[in-house]
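**Q** Residue numbers (UniProt numbering): 1 to 305.
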């Protein structure tokens, strides 16, 4: 009888131990499954977070590309003031040709701007300043080049890039890839991607006031559309070839889709001139550093000669 009780006790003990082992295995399996699920969810969260960050970074990069800067602080001015808009042509040396500013002189002028705390505005920022009274730094300046010479890429661009300056080149579209002295399509694309805005200077550098209204409209529209197709973005600024225009020209630039236009009239740009007749500061090969400084620090320089 005692043997039966012992056997029964042994069997019960074995069953109890087996039960404990089974219970432990089941719980371990559940815990492992839970851990795997948590790890999987964590990985998904990490990936999701990474995607969110990537989207955010992409948006920031995109916005930095297209968004105008917000200028803050005390040293700002509003559109009751003027802004000097520099007008260059070729950046290279040629004896007796005042349109061609030597590279050394150009670099000296850009170095002066950098050392004296000037901010180079984009044309979008200048437009917003004039039209929407968006403030800009007191020491604001705009750099423009007319015609689109290849030395703008070879000589001016490296200097502008060195100092981190914005600039605009008004190109004659018929010369692109057709004249060795002017910019090529690849050069234009590189410039546009690196802070140098490419805008229209008509198709063939026509003197607009000698054309009919229809002819003016055609060259203004075709040149703008050519650049837009080449670069894949909207263009809305131009400069009058030879600085010549008439009443028909003003109507034509509006119909052709331009928002702001520059002349060769001497002086700082001011809203009182009209958004389609803005003045510029001519910089020639005869302009030494002292004269350059005078022209960009004295808004009435053109009236004090």
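Glycine included, C-beta positions come from ideal geometry on N, C-alpha and C.
Opposite residue 238 in the DSSP bridges: which residues?
**A** By 1-based counting over the chain shown, the position of residue 238 is 238. Looking at the DSSP assignment, residue 238 forms a beta bridge with 200 and 261.
**Q** Going by C-alpha to C-alpha distance, which of 85, 69 and 76 sits closest to residue 282?
**A** As a first step, residue 282 is located in the chain shown; it is residue number 282 there, counting from the start. The shortest C-alpha separation from residue 282 is found at 85.
**Q** Report back the beta-carbon spacing between residue 149 and residue 89 to the nearest angstrom; my notes put them in contact at under 8 Å.
**A** As a first step, residue 149 is located in the chain shown; it is residue number 149 there, counting from the start. As a first step, residue 89 is located in the chain shown; it is residue number 89 there, counting from the start. Correct: roughly 7 Å between the Cβ atoms.
**Q** Once DSSP output is grouped into helix, strand and coil, what is the label at residue 285?
**A** Walking along the chain shown from the start, residue 285 turns up at place 285. If DSSP states are grouped into helix, strand and coil, residue 285 belongs with coil.
**Q** Taking contact to mean at least 3 C-beta pairs separated by less than 8 Å, is the segment 165-174 in contact with the segment 203-210?
**A** Below 8 Å, enough C-beta pairs join the segment 165-174 and the segment 203-210 to call them touching: three or more.
**Q** If you scan the segment 142-191 from start to end, which runs of the beta strand (DSSP E) of 3 or more residues do you find wholly inside it?
**A** You should have 167-171.
**Q** Tell me which same chain residues have a C-beta within less than 7 Å of the C-beta of residue 300, skipping the five on either side of it?
**A** The residue given as residue 300 occupies position 300 in the chain shown. Same-chain partners within the cutoff: there are none.
**Q** Give me the DSSP bridge partner(s) of residue 269.
**A** The residue labelled residue 269 in the question sits at position 269 within the chain shown. Beta-bridge annotation (DSSP): residue 269 is paired with 83.
**Q** May I ask you to report which of helix, strand or coil DSSP gives residue 280?
**A** Position 280 of the chain shown, counted from the start, is the residue given in the question as residue 280. Taken through DSSP and simplified to helix, strand or coil, residue 280 comes out as strand.
**Q** Any idea if residue 193 is buried or exposed, counting beta-carbon neighbours within 10 angstroms, 16 or more meaning buried?
**A** Here residue 193 corresponds to residue number 193 of the chain shown, with the count starting at 1. Residue 193 should be labelled exposed.
**Q** Following the continuous alpha helix (DSSP H) through residue 222, name the residue where it begins and the one where it ends.
**A** Taking the chain shown and counting its residues from 1, one reaches residue 222 at position 222. That run of the alpha helix (DSSP H) goes 213-231.
**Q** Counting beta carbon pairs with one atom in the segment 135-144 and one in the segment 69-87, are three or more of them shorter than 8 Å?
**A** yes
**Q** Return yes when the Cβ of residue 91 is within less than 9 Å of the Cβ of residue 155, no when it is not.
**A** The sequence position of residue 155 within the chain shown is 155, counting from 1. The sequence position of residue 91 within the chain shown is 91, counting from 1. Yes, the pair counts as a contact, with Cβ atoms nearer than the cut-off.
**Q** To the nearest angstrom, how far is the alpha carbon of residue 157 from that of residue 99?
**A** In the chain shown, the residue the question calls residue 157 occupies position 157. In the chain shown, the residue the question calls residue 99 occupies position 99. If I take the Cα positions, the gap works out to 17 Å.
**Q** Between residue 285 and residue 261, is the Cβ-Cβ spacing less than 9 Å?
**A** On the chain shown, residue 285 is found 285 positions in, with the first residue counted as 1. On the chain shown, residue 261 is found 261 positions in, with the first residue counted as 1. No.
**Q** Within 9 Å (strictly less), CB to CB, does residue 276 reach chain B?
**A** Among the protein chains of the structure shown there is no chain B, as only one such chain exists.
**Q** Give every residue of the same chain whose Cβ lies closer than 6 Å to the Cβ of residue 109, excluding the five residues on either side of it in the sequence, and list them in chain order.
**A** By one-based count along the chain shown, residue 109 stands at place 109. Counting only Cβ-Cβ distances below 6 Å, and skipping sequence neighbours, we find 292.
**Q** Using the rule of at least 16 other Cβ atoms within 10 Å of the residue's Cβ for burial, across every protein chain shown, is residue 120 buried or exposed?
**A** What you label residue 120 is simply residue 120 of the chain shown in a count that begins at 1. Burial call: buried.
**Q** Let's see if you can read the secondary structure: which residues bound the alpha helix (DSSP H) around residue 207?
**A** For the purposes of this step, residue 207 is taken as the residue at position 207 of the chain shown. Per DSSP, residue 207 belongs to no alpha helix (DSSP H) and is neither H nor E.
**Q** What's the call for residue 223, buried or exposed, on a 16-neighbour Cβ count within 10 Å?
**A** Walking along the chain shown from the start, residue 223 turns up at place 223. Under this definition residue 223 is a buried residue.
**Q** If you follow the alpha helix (DSSP H) that residue 104 is in, where does it begin and where does it stop?
**A** On the chain shown, residue 104 is found 104 positions in, with the first residue counted as 1. Annotation: the continuous alpha helix (DSSP H) that includes residue 104 extends over 103-115.
**Q** So residue 123 is in the alpha helix (DSSP H); what residue range does that whole segment cover?
**A** Within the chain shown, the letter at position 123 stands for residue 123. Start and end: 123-132.
**Q** Taking 9 Å as the cut-off, decide whether the C-beta atoms of residue 191 and residue 152 are in contact.
**A** Here residue 191 corresponds to residue number 191 of the chain shown, with the count starting at 1. Here residue 152 corresponds to residue number 152 of the chain shown, with the count starting at 1. In this structure, residue 152 lies closer than 9 Å to residue 191 by Cβ.
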